[in-house]
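So, in structure tokens, the structure goes:
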């Protein structure tokens, strides 16, 4: 029997829940709806889903809080698309920083949401099964640097902390988890933020540039993150787990 993707819709607006659920069901998806974080937690305690559509503006715990909770729990690998009604960029940026895979502004067309769902699921499933981010707490050493994966901090050889944004940390974490392996932009997209590839292609290059700056890497002759023409990037130095954390 073919797998039918199961989509969880979390939104306090009953009309939106029903309209989205009905449209997705008509297009071959299985759906479950929840009105708030409490219902979401209760459902996910006993079930798994393929993707979560999560509203930002909800009473009680909002979508930002719930997304952060999802990313730190047993559903950390489940793709999340966030819905926001705000015009400013703060919710969108924050949602992506804490691990949402995509976002969509209200009001939106159900057809567009369906397209986003299919795109996120497709990108997630294109990853090789062995290309995953390890979640074990540890200290990772490479060159003159150490990455604390519990404190999410980059430390230089003197032990000085170098500040990283959420996006910078995730990208560096992907590289140290897969050293000396060429990673395409699509793979980096999936493992970091999962946003639309057409929009993300240029920004992944900018993000690599920012991480290189944190590492003191010369973009013309990089030591750590090297560009592989027409393929992507490779973290070119050996990585060692020096202090496993319990």
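In this note's numbering, the protein residues as written are 22 to 267.
Ideal Cβ positions, reconstructed from N, Cα and C, are used throughout, including at glycine.
Open item on the list: I need the straight-line Cα distance from residue 132 to residue 44, nearest angstrom please.
Closed with: Answer to the nearest angstrom: the Cα atoms are 8 Å apart.
Open item on the list: Is it buried or exposed, residue 24, if we count other Cβ atoms within 10 angstroms and call 16 or more buried?
Closed with: In the assembly as shown, residue 24 is an exposed residue. Its beta-carbon has fewer than 16 other beta-carbons within 10 Å.
Task: Three CB pairs or more closer than 8 Å across the region 171-190 and the region 132-141 - done: Two segments are said to touch when three or more pairs of C-beta atoms, one from each, lie closer than 8 Å; by this definition the region 171-190 does not touch the region 132-141.
TODO: With DSSP as the reference, label residue 253 as helix, strand or coil.
DONE: If DSSP states are grouped into helix, strand and coil, residue 253 belongs with the strands.
Open item on the list: Comparing C-alpha positions only, which one of 123, 57, 257, 27 sits nearest to residue 202?
Closed with: Checking every option, the nearest Cα to that of residue 202 belongs to 257.
Task: CB contact flag (residue 29, residue 70, <8 Å) - done: With respect to residue 70, residue 29 sits close: the two C-beta atoms are nearer than 8 Å.
Task: With 16 other Cβ atoms within 10 Å as the buried cut-off, status of residue 234 - done: When all chains shown are included, residue 234 counts as exposed.
- [ ] Could you name the residues of the same chain whose beta carbon sits closer than 6 Å to that of residue 59, not counting the 5 residues immediately before and after it, in chain order?
- [x] Counting only Cβ-Cβ distances below 6 Å, and skipping sequence neighbours, we find nothing.
Task: For residue 65, the three-state DSSP class (helix, strand or coil) - done: Helix.
Open item on the list: Taking 8 Å as the threshold (C-beta atoms), are residue 228 and residue 188 in contact?
Closed with: By the CB criterion at 8 Å, residue 188 and residue 228 fall inside the cutoff.
Task: Assigned secondary structure, residue 263 (DSSP; H/G/I helix, E/B strand, else coil) - done: In the three-state reduction of the DSSP assignment, residue 263 falls in the strand class.
Task: Buried versus exposed, by CB contacts within 10 Å (16 or more), residue 248 - done: By the Cβ neighbour-count rule, residue 248 is exposed, with fewer than 16 other Cβ atoms within 10 Å of its own.
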